[in-house]
Amino acid sequence: MEAETAEQPVRAEAEAQLQEIQMLKDKLEAAENRYLRLQADFDNFKRRTRLDQEAGEKYRAQKLVTDLLPVLDNFGRALEIEADNEQTKSVLQGMDMVYRSLIDALKKEGVEPIEAVGKEFDPHQHHAVMQGDDAAYGSNIVIEEFQKGYLLKDRVIRPSMVKVNQ
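Using full-length UniProt numbering, the final residue of the sequence shown is 166, and nothing's skipped along the way.
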């Protein structure tokens, strides 16, 4: 009996130590989980920041392009004027040169006009303002373009305003 009573404090101490070891393992596991979550959050933050920077660089010209689109529209309307004398023809020729230079500069930045007439209506690229009934075109095909639309790289800056066949 004395051996059993002597073993009890040792057994109790061993149990206490085992409980302390388990508690420390649980704390360590919780700390490791927190560390892994923080690491994953940080990796996600770095990825989002990099993607935001890449998008900012890719579309850095968007505001400038958006501001220049009315200028392009006005140039297009001005170039449609019929010249009735040499002086007007000369002015229109100069305007055409400036217009082409502006178009070329925008193309270098990744600006492309959206093709509309004869294409199937795409609500992401076209803004339908009218419907028509033209037997020469199939159903849901753009038959007329009222305002040119533009893409900057792969993003629609301004959709084309179009008339769509029923």
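Idealized CB from N, CA, C, for every residue including glycine. Fair warning: this is a prediction, and the values are worked out from it, not measured in the lab.
Through-space distance from residue j to residue i, alpha-carbon basis
| i | j | result |
| --- | --- | --- |
| P9 | E15 | 10 Å |
| G149 | E112 | 9 Å |
| E57 | Y99 | 26 Å |
| E120 | R155 | 19 Å |
| L106 | V65 | 8 Å |
| Y22 | R34 | Note that residue 22 is Gln in the sequence shown here, rather than Tyr. Their backbone Cα atoms lie some 18 Å apart in a straight line. |
| E54 | R48 | 10 Å |
| G118 | G138 | 9 Å |
| Q62 | K27 | 51 Å |
| L18 | E7 | 16 Å |
| A128 | I81 | 27 Å |
| D122 | N74 | 25 Å |
| A40 | A31 | 14 Å |
| A83 | D67 | 29 Å |
| K108 | I114 | 16 Å |
| R77 | Q87 | 18 Å |
| F45 | S101 | 41 Å |
Anticipated Cβ contact below 8 Å, residue i with residue j, distance rounded
| i | j | result |
| --- | --- | --- |
| Y59 | K153 | 7 Å |
| M95 | L79 | 6 Å |
Closest Cα partner of residue i within the set the options
| i | options | result |
| --- | --- | --- |
| Q131 | I143, P123, D122 | I143 |
| P70 | K108, L92, D84, I103 | I103 |
| N140 | R11, L28, N165, V129 | N165 |
| F146 | K25, M161, A136 | M161 |
| G110 | I157, A31, R11 | I157 |
| H126 | N44, P159, D133, E115 | P159 |
Buried or exposed by the 16-neighbour rule on C-beta atoms within 10 Å, applied to residue i
| i | result |
| --- | --- |
| E20 | exposed |
| A135 | exposed |
| A116 | buried |
Chain D within 7 Å of residue i, Cβ atoms only
| i | result |
| --- | --- |
| Q19 | Protein chains in the displayed structure number just one, and chain D is not present. |
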